[in-house]
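Visitor: Those sequence lines, one after another, are chains U and D.
Each residue of the first sequence is one higher than the one before, counting from 0 in numbering that gives the first Met the number 0.
Each residue of the second sequence is one higher than the one before, counting from 0 in numbering that gives the first Met the number 0.
We put the CB at the ideal spot given by N, CA and C, even for glycine.
Source: prediction; values computed, not measured.
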Amino acid sequence: MHEAGAAQAIVEMLSGLAREKGASRVSSVRVVAGETAAYMEESLAFYLGFFAKGGPVEGARLELEVIKPRMKCKACGLEFERQRFSFSCPACGGDAVATDLGTEFYIDSAEFEFGPDGAAASRVPDSASAATGADGPSAAPAQGASPTPPSQD
Amino acid sequence: MRIEIKRAIYEKNDQLAAAINARLRARGVFTVNILGSPGAGKTSLVRQVAERLHGPLAVIEGDVSSDIDTQALRALGVDAWQIETGGDCHLNAPMIEAILGKMDVKDGSWLLIENIGNLICPAEFVVGEDLKLVVSSAAEGHDKPLKYPAIFGRSAACVLTKLDIAEAIGFDEGAFRKGIETVAPGLPIFPLNGRSGAGAGKIAAWLESARSAVRK
Chain U
0 MHEAGAAQAI
10 VEMLSGLARE
20 KGASRVSSVR
30 VVAGETAAYM
40 EESLAFYLGF
50 FAKGGPVEGA
60 RLELEVIKPR
70 MKCKACGLEF
80 ERQRFSFSCP
90 ACGGDAVATD
100 LGTEFYIDSA
110 EFEFGPDGAA
120 ASRVPDSASA
130 ATGADGPSAA
140 PAQGASPTPP
150 SQD
Chain D
0 MRIEIKRAIY
10 EKNDQLAAAI
20 NARLRARGVF
30 TVNILGSPGA
40 GKTSLVRQVA
50 ERLHGPLAVI
60 EGDVSSDIDT
70 QALRALGVDA
80 WQIETGGDCH
90 LNAPMIEAIL
100 GKMDVKDGSW
110 LLIENIGNLI
120 CPAEFVVGED
130 LKLVVSSAAE
140 GHDKPLKYPA
150 IFGRSAACVL
160 TKLDIAEAIG
170 FDEGAFRKGI
180 ETVAPGLPIF
190 PLNGRSGAGA
200 GKIAAWLESA
210 RSAVRK
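Written out as structure tokens, the structure reads:
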């Protein structure tokens, strides 16, 4: 059920960005969600389709990157990815505690399409490095490198 | 063209919640967001601590349907207000902003917000609170911290209710505490008998000290 509210918020944010940037539509969106935030991809995609109808986000494809919760062993200090149905350390079997990783919920990036004349593209601010290409490929967001999770509190 | 965004999906809610919190704090209001599953004993906790906290107090009751809790609290003389979501499974900052406009929360008040009974969504939405308190009952079983880590991980304390029936239903308090230590290390746990009020004094004292810490 909470996917509905999330989808609505995603559509609102992307519609606003499309307007700001002069994009004609958003063709895909990449969302990062920690596993403990408990979002189901099918449900999120369903509600995204529902709320996007008639706007620039209609038809946008959802790419959901799920971040596995990381645990830290109290006994040996090992940091490890939590396995389903297990909270124990895989190395020593000791008790582990949760870390902040695995609770994220944010929009990483989106694919924007611009009008055929290309005029709209010039309105994309320089902060989007891909728009200028001046910084080269190193400026593109590193795949798999999660930023600090946006705080919920 | 792919454009990096990296923005929290609930940023609008988070921004409004921060504004609500700043406004309330400036008036000396301390706000507690009370979370827990349906029937955990959230309203009993509100009733019991309302008698023990010092200073004016107001309550916002969140339910999908009905104003049963609000009526019960008003009958006890508590300044209670109802949010009936009509289906939404959690409270959010816009709902709190709207009802605060109708209420007359006095300067220096306690504001207790009882969220919708649910262990998932309410953990995701800040509503302007200074802290979250999660209520868990023995009746729900000792596995709840491991099954719903987010709600325990984001709370500042846990109230554990219905321990008087623990033996009859096979509730293992040690396993519950171990689960808490895994998902929320160091989280204080306060046993409460919602009917007799045993344990409520300690919870009220803890809230008073949490409030003093914020004021410093």
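1) What residues from chain U crowd round L145(D), counting only those whose CB sits closer than 9 Å?
2) Can you tell me the Cβ-Cβ gap for G40(D) and S136(D), rounded? I've got them flagged as a contact below 8 Å.
3) Which bits of chain D does F104(U) rub up against, with CB to CB less than 8 Å?
4) Mind pulling the chain D residues with CB within less than 9 Å of M12(U)?
5) Just the C-alpha distance for Q151(U) and F124(D), rounded to the nearest angstrom, thanks.
6) Applying the criterion that 16 or more other CB atoms from any shown protein chain within 10 Å of the CB defines a buried residue, is S43(D) buried or exposed?
7) Using a Cβ cut-off of 8 Å, pull out every chain U residue sitting near G152(D), in sequence order please.
8) Pull up the distance between the alpha-carbon of T84(D) and that of P37(D), whole angstroms please.
9) With 8 Å set as the bound, which would you pick, yes or no: does the beta-carbon of A17(U) sit closer than that to a beta-carbon of chain D?
10) Can you list, in chain order, the residues of its chain with a C-beta nearer than 7 Å to that of D13(D)? Leave out the 5 residues immediately preceding and following it.
11) Alpha carbon to alpha carbon, how far is C91(U) from F79(U)?
12) By DSSP, does G33(U) sit in helix, in strand, or in coil?
13) Could you give the residue range of the alpha helix (DSSP H) that holds V134(D)?
14) Would you call the segment 28-37 of chain U and the segment 63-79 of chain U touching, i.e. three or more CB-CB distances under 8 Å?
15) Assign V104(D) to one of three DSSP states: helix, strand, or coil.
16) For E57(U) and Q7(U), I'd like the C-alpha separation in whole angstroms.
17) Which class does C120(D) belong to by DSSP, given the choice of helix, strand or coil?
18) With burial defined as no fewer than 16 other Cβ atoms inside 10 Å of the residue's Cβ, what is the status of V31(D): buried or exposed?
19) I'd like to confirm the pairing. Which residues does DSSP put opposite M94(D) in its beta bridges?
20) Consult DSSP for M70(U) and reduce its assignment to one of helix, strand or coil.
21) At what residue ranges does the segment 17-87 of chain D contain a whole run of the beta strand (DSSP E), taking only runs of 3 or more?
22) State the DSSP-derived secondary structure class of P148(D), mapped to helix, strand or coil.
23) Rank G53(U), E41(U) and C72(U) by C-alpha distance to the C-alpha of V10(U) and give the top, closest one.
Guide: Taking the structure as given:
1) F86
2) 6 Å
3) A7, I8, Y9 and E123
4) I4, R6, I8, E10 and K11
5) With a pLDDT of 41 at Q151(U), under the threshold of 50, the modelled position of that residue is not reliable, and the figure given next carries that caveat. Going by the C-alpha atoms only, they are around 7 Å apart.
6) buried
7) T35, A97 and T102
8) 15 Å
9) no
10) A7 and V125
11) 12 Å
12) Correct three-state label for G33(U): strand.
13) Where V134(D) is concerned, there is no enclosing alpha helix (DSSP H), although the beta strand (DSSP E) it sits in stretches over L130 to S136.
14) yes
15) V104(D) falls in the coil class under three-state DSSP.
16) 12 Å
17) Correct three-state label for C120(D): helix.
18) buried
19) For M94(D), which the question treats as bridged, DSSP gives no partner whatsoever.
20) strand
21) For the segment 17-87 of chain D, whole beta strand (DSSP E) runs of length 3 or above, ordered along the chain, are 29-35, 56-62 and 78-83.
22) helix
23) Nearest of G53(U), E41(U) and C72(U) to V10(U), Cα basis: G53(U).
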